[in-house]
Amino acid sequence: MLVFREIKPNLIPASCLAQGVFDGVHLGHQKVIIDAIEKSRTTDALATVVTFANHPQYITSKNSLKLITNLEDRLELFEALGVQVVLLLDFTEELSKISAVEYIKSVLVEGLNVRHISIGYNHRFGSQKKGDHKLLEKYGEQYGYKVTVIPPVAIEGQVASSSDIRNLISSGDVDSASKLLGRPFSIKGAVIQGKRRGTQLGFPTANMELPENMISPAAGVYSGLAYIGNENYFAVINVGKRPTFGDLTVNLVEAHVLNYSGNLYHKNIEVAFLKKLRDEKRFASEAELVEQIKLDCQAVTVLAPNL
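If you count the sequence shown from 1, position 242 lands on 248 in our numbering, and the numbers rise without skipping.
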């Protein structure tokens with residue numbers, strides 16, 4: 007997969023493209039992207055995604071939006087779907103002021119030689135978000151490209167949208183979020199050195215700090231999976247501040263990986279959240295905490311055949 011960081015005339019000879027932010031690359035996003043890929047196979051054009059390195063809301067709304075997927079993961083998911091080219095633009099103040107008509111002309115037509123555009127039903131673009139599917143269709147008649155608008159994708163009555171998925175994750179409903187994503191919600195990172203309290207209790211944990219700009223599940227204990235190298239392991243995952251020990255300042259993800267005995271310090275791992283087991287709780291003693299951890303491990307073992 008080729009990744010271009012800036013646009014210029016005739017960047018590629020011809021494209022069928024999907025356009026959007028695609029945070030989370032959820033089932034709705036996937037349908038848009040797959041439509042572009044399928045169109046590319048019948049038009050002798052490259053399957054292309056046009057997206058942004060940073061979320062536009064950081065510029066347009068100046069807010070601290072939490073992301074579902076980081077840039078590296080988004081690109082990996084694009085490639086896994088079969089995308090051949092990504093135009094990855096930095097969303098800047100300057101770019102935000104480009105009119106929708108100029109964007110169509112300079113980026114999509116002159117830069118990407120677009121033959122077909124696939125977009126979601128609610129996609130807007132250009133200065134003040136004045137661009138929509140009607141504008142794309144209007145200029146498609148002039149420039150010779152086609153447009154497909156993909157309707158919303160719903161699972162069990164819930165429409166797949168990035169904002170709703172963020173709300174589900176932050177409330178702890180990770181299983182519903184995973185259904186809309188089409189895969190378990192997960193966090194990747196390097197295992198950091200902790201205070202070894204889990205080891206002292208007989209339940210060693212792989213500790214990961216939560217990146218500030220990424221969405222975090224609600225505090226609590228979850229059943230999950232740990233992806234270590236090429237192997238998958240069931241895990242009990244705690245998100246929170248370890249109230250039993252009075253550690254109330256740092257938010258951590260701690261994964262006790264079942265049936266794993268290796269050293270994970272400084273290794274990059276991925277933990278996937280499958281289902282919330284319980285809220286975080288302060289225990290009166292370490293002995294009470296140990297008994298609860300045993301119950302949590304049993305719960306994951308019982309759930310495992312159905313996960």
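Glycine included, every Cβ here is placed at the ideal spot set by N, Cα and C.
Contact set for residue i: own chain, Cβ-Cβ below 6 Å, skip 5 residues either direction
i           : result
residue 303 : 242
residue 276 : 192, 194, 233
residue 181 : 281
residue 159 : 33, 34, 37, 166
residue 306 : 229, 240, 242
Buried or exposed (CB count within 10 angstroms, at least 16 for buried), residue i
i           : result
residue 25  : buried
residue 223 : buried
residue 308 : exposed
residue 19  : exposed
residue 260 : buried
residue 198 : exposed
residue 128 : exposed
residue 103 : exposed
residue 69  : exposed
Residue i vs residue j beta-carbon contact at 9 Å
i           : j           : result
residue 125 : residue 176 : no
residue 33  : residue 166 : yes
residue 61  : residue 29  : yes
residue 77  : residue 93  : no
residue 151 : residue 122 : yes
residue 91  : residue 31  : no
residue 59  : residue 22  : no
residue 54  : residue 42  : yes
residue 244 : residue 264 : no
Close Cβ partners of residue i (< 8 Å) along its chain, the five nearest in sequence each way excluded
i           : result
residue 325 : In this structure the chain extends from 7 to 313, so residue 325 is not present and cannot be described.
Those residues which DSSP pairs with residue i across a bridge
i           : result
residue 238 : 233
residue 163 : BP columns for residue 163 are empty, so no partner.
residue 228 : 243, 282
Beta-carbon proximity list for residue i, same chain, < 7 Å, skipping 5 on both sides
i          : result
residue 73 : 29, 61, 219, 220, 221
Residue i beta carbon near the ligand NAP (any heavy atom closer than 8 Å)
i           : result
residue 110 : Of the ligands one can find in the structure shown there are none, so the ligand NAP has no counterpart to examine.
Check your understanding: Below 8 Å, can you find three or more Cβ-Cβ pairs linking the segment 135-144 to the segment 108-117?
Key -> Touching, yes, given that three or more Cβ pairs across the two stretches are closer than 8 Å.
Practice item. Answer yes if the segment 224-241 comes into contact with the segment 270-284, meaning at least three C-beta pairs across the two stretches below 8 Å, and no otherwise. Key: In short, these stretches touch, since the Cβ pair count reaches three.
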